[in-house]
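Heads up: the sequence shown begins at 1014 in the numbering used here, then just goes up one per residue.
Below you'll find the structure, written out as structure tokens, and then a few comments.
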Amino acid sequence: MTEYKLLANDVKGLLINQDIQCIVNANSMTFEYSGIDLQPISTHYPLMKFEKQVETGTRFLGDGFQMLCQTAGTIENQIDIGRCPDNSPSYRIYSEHAPKRFYNYLVLEQSTGFQLFGFTSCDRFAGYFELQPGTIATNIIAYIDGENIKPKYWSNNKLESIAVLKGASLDCVFQQYADLITKTHPLRKGVNGPVPIGWCSWYAYYSDVSAQDVKNNVKIMTNDMPDLEWVLLDDGYQAFMGDWLSPSEKFSGGVKSLINEIKVQGKKPAIWLAPFIAQPESEVFRQHPEWFLKHSDGTLLKAEDITYGGWRCTPWYILDPSHPEVSAYLTHVVSVMRNQWGVELFKLDANYWGTLKGIRHQAGVTGVEAYRMGMQAILKGAGDAIVLGCNSPMWPSLGLVDAMRVSDDVERSQHRFKQIAKETFYRSWQHQRLWLIDPDCATFTSLPNQATNQHTYQFHRDVLLASGGLLLSGDPLPEMTSFARETLVKLIERQKTTNHSAVFNSLNLQQASLKLSEKQQLHCLFNYENKSSEYSLTSDSICDWYDFWTGQKLNEIPTQVFVASMNHGLSSRSIISIAQMDSYK
């Protein structure tokens, strides 16, 4: 039997599953399982159908389960933004032959305004949407991935909740959505705290980093760049993936002693780890094979068996936080780093792998639940330290991190800078609403094996200028170019003025604005295509208009409207409007 549910904004949802109950509250719906046969909940378990919702030619945005997946474009011409879609041959979260899934939320930009379909909770199941072509218009169907878990193991019958929201502006819809999410998943304290500004070792030295490399950069920070407050020791310090408390030979003096030197220099130490994985050579794997995820036949599960196998030191085996000893172990590792070493920020990488499906110690626990168990154990050890998620499952991390990487790894190339710009901008609405966003590192100095031209670096700096969020230099500071240094100084000034993200007015991501003060407005323009174009910038009052980076005045007569031209190809501009004839400084 089917039943229609009417929301406050007149959207109707068709309840198409006789084994669930739906309760409507304004524009939100909560679902509970009410079946009596207690059969396993499938990976394609329907909740609700929304009929005739999508116009022809609609521009849209669909999120992905993990960080490296987003889809945009139009309904008829869908474009994968990230390098690793959820249904790619590498990740295999679902079949590449199945209908396209849009996890977490789906945003439509139509003639009537903006409309968002989104899951407002993620406690046990990942939620997603699919498009179903109809005879007149396209339908939207909401599903959960039940992971074939049997309800008899559940502590309660709650499924997940959904909202359908409308608004005249994109930012208005996102604000409504964030407000609903945080009622279910309250924010971590750090979301409203200072945003880290500092340096990260990875993009300067990668896994070859040594203790001396870090010391050399800290010296530059102390003497010449005091505004760089944080020092993030990334991958390469550990003996093996999984043995995070045992240093490699390049850190023979121990990581604890290096962290102490960082603190003596007045800087804040941060560290990288991938808490849910271990390589076979690690002590944790050799001593405790019973802690790891298994196949149904009892053999240990390697990540590569079911998804992307990892980028270094593979194969990766997956810790199972439903095992109480694993949760205790995670708490112990992070607690030692926090309380004995003095780490003040944890960058948790490869978090997606913590959600992998397999046979767990505790029957009936989904990958989402197990991941959230593990994160809670980590937070117990981290105390008041900042927690940054990276390569994460997006909605399963709600309420569990202070900051979140929202894009792929930066690379000094035009293609990657363009890619991560779109990835970041599509998620910049989340900044200071769900977590602090991390657009990845600022890299403006070429390496011998990784280089691009200054025009491309100028595009990258405008992306970071518009983004806000964490600001970590990824360049080797002793080799930093004058352009890189001057750019970083200006970005730091912007962060200290305001750390909000610029607001985009359309899913085309071409134009964004940010209020800097009562009189100053920042306008950021981006061209991702080959043709030149013009944009009309407007202000509420008569203004003078200046180039953000050079301070050059762009107008002759004060005006409320300024027409800015854009070059063909990948290009960008950042312009300041200043009211009442104030001079730009």
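Every residue gets a Cβ at the ideal spot worked out from N, C-alpha and C, and that includes glycine.
Since residue i and residue j should fall inside the 8 Å C-beta cutoff, what is the C-beta to C-beta distance between them, to a whole number of angstroms?
| i | j | result |
| --- | --- | --- |
| I1033 | V1067 | Their Cβ separation, rounded to whole angstroms, is 24 Å, which puts I1033 and V1067 out of contact at 8 Å. |
| G1180 | G1126 | 6 Å |
| L1485 | L1271 | Going by Cβ atoms, the distance from L1485 to L1271 rounds to 18 Å, so no, they are not a contact pair. |
| K1566 | D1557 | 6 Å |
| I1450 | M1417 | 6 Å |
| Q1349 | A1398 | Reading off the sequence, residue 1349 comes out as Val, not Gln. So it is not a contact: roughly 12 Å between Cβ atoms. |
| P1571 | I1588 | About 14 Å separates the two Cβ atoms, so there is no contact after all. |
| V1400 | D1415 | 5 Å |
| Q1256 | V1297 | According to the sequence as given, residue 1256 is Asp; it is not Gln. Right, the Cβ-Cβ distance comes to about 6 Å (below 8 Å), so this counts as a contact. |
| V1576 | S1549 | 6 Å |
| P1452 | L1477 | 6 Å |
| Q1083 | Y1330 | In fact, because the Cβ distance is near 29 Å, the residues do not count as touching under 8 Å. |
| A1316 | F1264 | Rounded, the Cβ-Cβ distance is 26 Å, inconsistent with contact. |
For residue i, which residues from the same chain have a beta carbon less than 7 Å from its beta carbon, with the 5 sequence-adjacent residues on both sides left out?
| i | result |
| --- | --- |
| K1435 | I1094 and L1522 |
| W1215 | D1247, D1248 and G1487 |
| I1162 | P1053, I1054, G1377 and T1379 |
| L1193 | S1041, T1133 and A1176 |
| R1105 | I1319 and T1320 |
| S1309 | I1372 |
| I1233 | L1490 and P1491 |
| Y1058 | Y1156, I1157 and G1159 |
| G1086 | I1092 |
| A1497 | F1457, T1458 and D1488 |
| T1015 | L1027, L1028 and I1029 |
Give every residue of the same chain whose Cβ lies closer than 6 Å to the Cβ of residue i, excluding the five residues on either side of it in the sequence, and list them in chain order.
| i | result |
| --- | --- |
| G1367 | F1289, Y1384 and G1387 |
| L1413 | M1388 |
| L1183 | F1127 |
| L1520 | R1072, L1074 and E1122 |
| A1283 | W1243, L1245 and L1358 |
| Q1278 | V1231 and T1235 |
| C1035 | K1018, L1028, M1042 and F1044 |
| Q1145 | N1152 and I1154 |
| H1536 | S1526, L1550 and I1588 |
In the DSSP assignment, find the unbroken alpha helix (DSSP H) run with residue i in it and report its ends.
| i | result |
| --- | --- |
| N1230 | A1224 to D1237 |
| W1215 | W1215 to Y1218 |
| M1407 | Where M1407 is concerned, there is no enclosing alpha helix (DSSP H), given that its DSSP letter is neither H nor E. |
| L1271 | V1268 to V1277 |
| E1436 | Q1427 to R1440 |
For residue i, report the span of its beta strand (DSSP E) as first-last.
| i | result |
| --- | --- |
| S1549 | S1546 to D1560 |
| V1244 | W1243 to L1246 |
| V1574 | T1572 to M1579 |
| E1569 | Neither: E1569 is in no beta strand (DSSP E) and is coded neither H nor E. |
| I1029 | Note, I1029: premise wrong, no beta strand (DSSP E); not H, not E. |
| G1180 | K1171 to G1180 |
| P968 | Any property of residue 968 remains undetermined from this structure, which presents the chain solely from 1014 to 1598. |
| E1122 | F1115 to Q1123 |
| T1084 | Q1083 to G1086 |
| M1417 | A1416 to R1418 |
| R1586 | S1584 to A1592 |
| D1093 | Q1091 to D1093 |
| K1018 | E1016 to L1019 |
| E1064 | Y1058 to V1067 |
| L1449 | L1449 to D1451 |
Beta-carbon within less than 8 Å of residue i's beta-carbon, same chain only, minus the 5 sequence neighbours each way: which residues are those?
| i | result |
| --- | --- |
| A1039 | L1020 and A1021 |
| S1426 | Q1463, T1465 and T1469 |
| L1343 | P1288, L1332, P1334, G1387, A1390, I1391 and G1394 |
| Q1508 | V1208, I1210, G1481 and L1484 |
| S1108 | N1100 |
| M1407 | D1076, G1077, F1078, Q1079, M1080, Y1116, N1117 and M1417 |
| L1369 | L1306, L1314, A1316, I1319, T1320, I1331 and G1380 |
| R1325 | S1220, D1248 and M1254 |
Determine the DSSP secondary structure at residue i, reduced to helix, strand or coil.
| i | result |
| --- | --- |
| A1252 | strand |
| C1185 | helix |
| N1543 | coil |
| Y1046 | strand |
| M1080 | coil |
| Y1104 | coil |
| Q1443 | helix |
| N1038 | strand |
| L1074 | strand |
| G1394 | helix |
| Q1606 | In the structure as shown, the chain starts at 1014 and stops at 1598, and residue 1606 therefore has no counterpart that could be examined. |
| A1191 | helix |
| G1387 | helix |
List, from N- to C-terminal side, the beta strand (DSSP E) runs of 3 residues or more that fit wholly inside the stretch 1127–1169. 1139–1145 and 1151–1158
Length at least 4, wholly inside the stretch 1298–1380: the alpha helix (DSSP H) runs in chain order: 1316–1319 and 1337–1348
For a minimum of 4 consecutive residues, which ranges assigned as the alpha helix (DSSP H) are wholly contained in the stretch 1467–1542? 1467–1480 and 1495–1510
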